[in-house]
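Okay, so here's the structure we're looking at.
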Amino acid sequence: MGFIDVLASIIPAALFFAAPLIFTAIGGVFSERSGIINIGLEGLMVMGAFVGIVFNLTFHETFGDATPWISIIVAMIVSALFALVHAVASITFRADQVVSGVAINFLALGIGLFLTKQWYEKGQTDMVERPFYTTDIPVLSKIPVIGDLFFSGMYLTSYLAIILAFVAWFIIFKTPFGLRLRSVGEHPMAADTNGINVYGMRYVAVMLSGAMGGLGGSVFALTIALNFSHATIVGQGFMSLAAVIFGKWHPLGALGAAIFFGFAQSLSIVGSSVPVLEDVPQIFLLIAPYVLTILALAGFIGRAEAPKSLGEPYVKGNR
Amino acid sequence: MFSNKTVNILIPIISVVLGLLSGAIIMVAFGYNPVAGYAALWNGAFGDAYFLGETLRQVTPYILSGLAVAFALRTGLLNIGVEGQVFVGWIASVWVGISFELPMIIHLPLAVLAAALAGAFWGFIPGILKAKLGVHEVIVTIMMNYIALYISNSLVRNVLTDGSDQTDKVAKSASLASDWLAGMTYFSRLHWGLLIALAMAFVMWFVLNKTTRGFELRAVGFNQNASNYAGMSVGKNVVLAMVISGAFAGLAGAMEGLGTFEYMSVKSGFTNIGFDGIAVALLGANTAFGVVLAAFLFGTLKIGALNMPTEAGVPTELVEIVIALIIFFVASSYMIRWIILRFKREGK
Numbered sequence: 003m004g005f006i007d008v009l010a011s012i013i014p015a016a017l018f019f020a021a022p023l024i025f026t027a028i029g030g031v032f033s034e035r036s037g038i039i040n041i042g043l044e045g046l047m048v049m050g051a052f053v054g055i056v057f058n059l060t061f062h063e064t065f066g067d068a069t070p071w072i073s074i075i076v077a078m079i080v081s082a083l084f085a086l087v088h089a090v091a092s093i094t095f096r097a098d099q100v101v102s103g104v105a106i107n108f109l110a111l112g113i114g115l116f117l118t119k120q121w122y123e124k125g126q127t128d129m130v131e132r133p134f135y136t137t138d139i140p141v142l143s144k145i146p147v148i149g150d151l152f153f154s155g156m157y158l159t160s161y162l163a164i165i166l167a168f169v170a171w172f173i174i175f176k177t178p179f180g181l182r183l184r185s186v187g188e189h190p191m192a193a194d195t196n197g198i199n200v201y202g203m204r205y206v207a208v209m210l211s212g213a214m215g216g217l218g219g220s221v222f223a224l225t226i227a228l229n230f231s232h233a234t235i236v237g238q239g240f241m242s243l244a245a246v247i248f249g250k251w252h253p254l255g256a257l258g259a260a261i262f263f264g265f266a267q268s269l270s271i272v273g274s275s276v277p278v279l280e281d282v283p284q285i286f287l288l289i290a291p292y293v294l295t296i297l298a299l300a301g302f303i304g305r306a307e308a309p310k311s312l313g314e315p316y317v318k319g320n321r
Numbered sequence: 032m033f034s035n036k037t038v039n040i041l042i043p044i045i046s047v048v049l050g051l052l053s054g055a056i057i058m059v060a061f062g063y064n065p066v067a068g069y070a071a072l073w074n075g076a077f078g079d080a081y082f083l084g085e086t087l088r089q090v091t092p093y094i095l096s097g098l099a100v101a102f103a104l105r106t107g108l109l110n111i112g113v114e115g116q117v118f119v120g121w122i123a124s125v126w127v128g129i130s131f132e133l134p135m136i137i138h139l140p141l142a143v144l145a146a147a148l149a150g151a152f153w154g155f156i157p158g159i160l161k162a163k164l165g166v167h168e169v170i171v172t173i174m175m176n177y178i179a180l181y182i183s184n185s186l187v188r189n190v191l192t193d194g195s196d197q198t199d200k201v202a203k204s205a206s207l208a209s210d211w212l213a214g215m216t217y218f219s220r221l222h223w224g225l226l227i228a229l230a231m232a233f234v235m236w237f238v239l240n241k242t243t244r245g246f247e248l249r250a251v252g253f254n255q256n257a258s259n260y261a262g263m264s265v266g267k268n269v270v271l272a273m274v275i276s277g278a279f280a281g282l283a284g285a286m287e288g289l290g291t292f293e294y295m296s297v298k299s300g301f302t303n304i305g306f307d308g309i310a311v312a313l314l315g316a317n318t319a320f321g322v323v324l325a326a327f328l329f330g331t332l333k334i335g336a337l338n339m340p341t342e343a344g345v346p347t348e349l350v351e352i353v354i355a356l357i358i359f360f361v362a363s364s365y366m367i368r369w370i371i372l373r374f375k376r377e378g379k
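First to last, the protein sequences are chains A and B. Our numbering puts the first residue of the first sequence at 3, with every later residue one more than the last. Our numbering puts the first residue of the second sequence at 32, with every later residue one more than the last.
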């Protein structure tokens, strides 16, 4: 197997696994930049996966080919509303944000499985009829080498993920909204003094993270899992959270980290056909993302600085 | 009328009531009879000796995982890694359980100790990273959970067996299971671990409330700067808290490994013993006695729920929603406190 063939099998696979992580990690960046820890990303992905699958199963005859796209939009909306629970608890009721996030994870899985039993009378849903399919991009896929590597057999959602990461970067670092978002996460009191609505900004950020988590979860469900059960989303949300931190709370950093995690995941699946890596026991490839995150946190791969007020509820008038 | 202490006791009670009420509302919304639903839950938990035995069996690891979370929280650390520490404790206890032939009086304590040490080691890593480098323990412990899951699966497949998905049963001399307890409860899987769990609750109470070290641990939990100024080593106490917390979690793993299942198998996901421990600790207000009560409640809910589909047609998952809501209500205690204070003011 030549070098190019190896790359041609790894790159689409890596991006395929990375896309859901990228979406969710971008959501995590929004939430954490505003100062709200979001351990609930996992639950938001569960909600997204559940809604995406159920919508797809119910309406695939009505919407035909557009079904998966409409499904992910519906999943985004529902997950954004679901994230409101986390927002109310951790912003208005000053709940411990980590605890509230843990509760979100429990709640999403509980609701998803309860309704699955209720509607399908079994532990998992049927397989969806209209998932996302791979496509070759016209014209671009004809370019020698590059066409094979980046533009053939790809999911459109993978491109969407990368584009959205750049959009998020632009919003957070180049717009007034982004400046406000960051200032609320760094020093809410100073932001409040300058007339920025701290609570409002944080609500918007948490709901954005819900929308992105829902997008990530539904894309995962409609490209990889294809049905919903208790084992559909197992840890992808936590891995996205890891990508947020590994990427130093920066959308493009998170993008890179998520692609790396996707790469690591794809290796543990396609790795057996890659020279060099076929001798590495699978266990090392499986734990690599987690070990690397810990090393990154410990400062071995450049120190990661969290937003200053991360995890602190803002109480108006308190010093 | 309401002292601070009464409010602190009222909050968990109100949260549980609100959680159960919400569960009832959900049942009504989906056309079930909530009375029949909760009656089925009650029968499923206490209906006869077998169900009682299974409930107590479920309570056992919950007490320990709850203690693990609570102990760390008292020092101001959130140990989300209990799940992973349960895994390493489980596999360590089974490893010792199947590898040696020893008299019970040595073998059983050795297997239990191995679990505690493995858990303690898994807690030590985030502890030392927090103490020396200031790395947030939440993220490290989450990552450690996955590392534990994959390593334990790999050990079961490649080291403890030849590619099989399940280890042998642990030797009789390392087992916590008891024919007497099983006989008394119509062959439930109730085992002696319950005594270990209750003893550990006592140990936690004693260490935290009756020793100098416990005072230091709590002081660090209240205010790190003040503790530092008073000459306590914050780092040392942080590491110690994580190590003890991990040891409790490891013991919870031993309860499953030596008691309930007596083997370790390849797992596709987490057992939730550790995550449920967070709920147990929060509801138990991080005290040893509160944790035992909360573990009892959640054990009852989990085992009782298994009876709900057959007797009342209600999906088991309803209980997961109820538990999640209870956590929300406890976490949002600010809201409950605020409501109680409103009542107080109007009452005057």
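All C-beta atoms in this analysis are idealised placements derived from N, C-alpha and C, irrespective of residue type, glycine included.
Of the residues Phe306/B, Gly112/B, Ser299/B, the one placed nearest Asn184/B, counting alpha carbons only: Ser299/B
Whole-number beta carbon distance between Ile275/B and Ser96/B, since they are thought to touch under 8 Å: So it is not a contact: roughly 14 Å between Cβ atoms.
Complete alpha helix (DSSP H) runs within the segment 62 to 86 of chain B (minimum length 4 residues, chain order): 65 to 77
Interface residues of chain B facing Val293/A [CB-CB closer than 9 Å]: Met174, Ile178
Proximity below 8 Å, CB of Tyr181/B to CB of Ala80/B: no
Residue from Thr26/A, Val8/A, Phe263/A, Ala21/A whose Cα sits closest to the Cα of Met214/A: Thr26/A
Closer than 8 Å to chain B by CB, Leu299/A: yes
Nearest residue (CA-CA) to Val345/B, options Leu49/B, Ile44/B, Asn64/B: Asn64/B
Sequence-distant residues of its chain with Cβ nearer than 6 Å to Phe32/A (five each side left out): Ala207, Leu210, Ser211
Beta carbon proximity, Lys119/A to chain B, threshold 8 Å: So, interface residue.
Inter-residue spacing [alpha-carbon to alpha-carbon] between Leu282/B and Leu46/A: 32 Å
Within chain A, partners of Phe61/B - CB distance below 7 Å: Gln120
Limits of the alpha helix (DSSP H) - the one that Pro43/B falls within: Pro43/B -> alpha helix (DSSP H) spans 35 to 60.
Assigned secondary structure, His62/A (DSSP; H/G/I helix, E/B strand, else coil): helix
Simplified DSSP assignment, three categories, for Met129/A: coil
Closer than 8 Å to chain A by CB, Tyr81/B: no
Environment of Trp121/B [buried if 16+ CB atoms lie within 10 Å]: With 16 or more other Cβ atoms from the protein chains shown falling within 10 Å of its own Cβ, Trp121/B counts as buried.
Inter-residue spacing [alpha-carbon to alpha-carbon] between Met32/B and Val38/B: Here the model assigns Met32/B a pLDDT of 49, short of 50, so the residue's position is not dependable, and the following value carries that caveat. Approximately 10 Å, taken between the alpha carbons.
Chain A contacts made by the segment 337 to 348 of chain B, where a contact means CB separation under 7 Å: Residues of the segment 337 to 348 of chain B that bring their beta carbon within less than 7 Å of a beta carbon in chain A comprise Pro346, Glu348, in sequence order.
Residues, ordered as in the chain, of the segment 84 to 97 of chain A that lie near chain B by beta-carbon distance below 7 Å: Taking 7 Å as the Cβ-Cβ cut-off against chain B, the residues of the segment 84 to 97 of chain A that qualify are Ala91, Phe95, Arg96, Ala97.
Classification of Ala68/A by the beta-carbon crowding that lies within 10 angstroms, buried from 16 upward: Exposed: under 16 other Cβ atoms inside 10 Å.
Span separating the alpha-carbon of Lys176/A from that of Pro253/A: The straight-line gap from Cα to Cα measures roughly 13 Å.
Opening and closing residue of the alpha helix (DSSP H) in which Arg188/B lies: Element bounds for Arg188/B: n/a, residue is neither H nor E.
Where Lys203/B falls, given that 16 or more other Cβ within 10 Å makes a residue buried: By the neighbour-count rule (16 or more Cβ atoms within 10 Å), Lys203/B is not buried but exposed.
Inter-residue spacing [alpha-carbon to alpha-carbon] between Met295/B and Met366/B: Cα-Cα distance, rounded: 43 Å.
CA nearest to the CA of Ala223/A, picked from Trp171/A, Val317/A, Val147/A, Arg132/A: It is Arg132/A whose Cα lies nearest to the Cα of Ala223/A.
C-beta contact flag for Ile261/A and Ala16/A at 8 Å: yes
Opening and closing residue of the alpha helix (DSSP H) in which Val208/A lies: Counting along the chain, the alpha helix (DSSP H) containing Val208/A begins and ends at 200 to 222.
CA-to-CA distance, Leu151/A to Pro140/A, given in whole angstroms: 14 Å
Close beta carbons around Arg368/B, own chain, < 8 Å, minus the five adjacent residues each side: Val38, Ile42
Short CB-CB distance (under 8 Å) between Met366/B and chain E: In the structure shown, chain E does not exist; the protein chains are A and B.
Beta-carbon neighbours of Tyr181/B, restricted to chain A and to distances below 7 Å: Ile285, Leu288, Ile289
Check whether Gly288/B and Val125/B have beta carbons under 8 Å apart: yes
Anticipated Cβ contact below 8 Å, Leu313/B with Ile358/B, distance rounded: 6 Å
Same chain, Cβ closer than 7 Å to Thr331/B, neighbours up to 5 away in sequence not counted: Sequence-distant Cβ neighbours of Thr331/B in its own chain, meaning closer than 7 Å and more than five residues away, are Ala76, Thr86.
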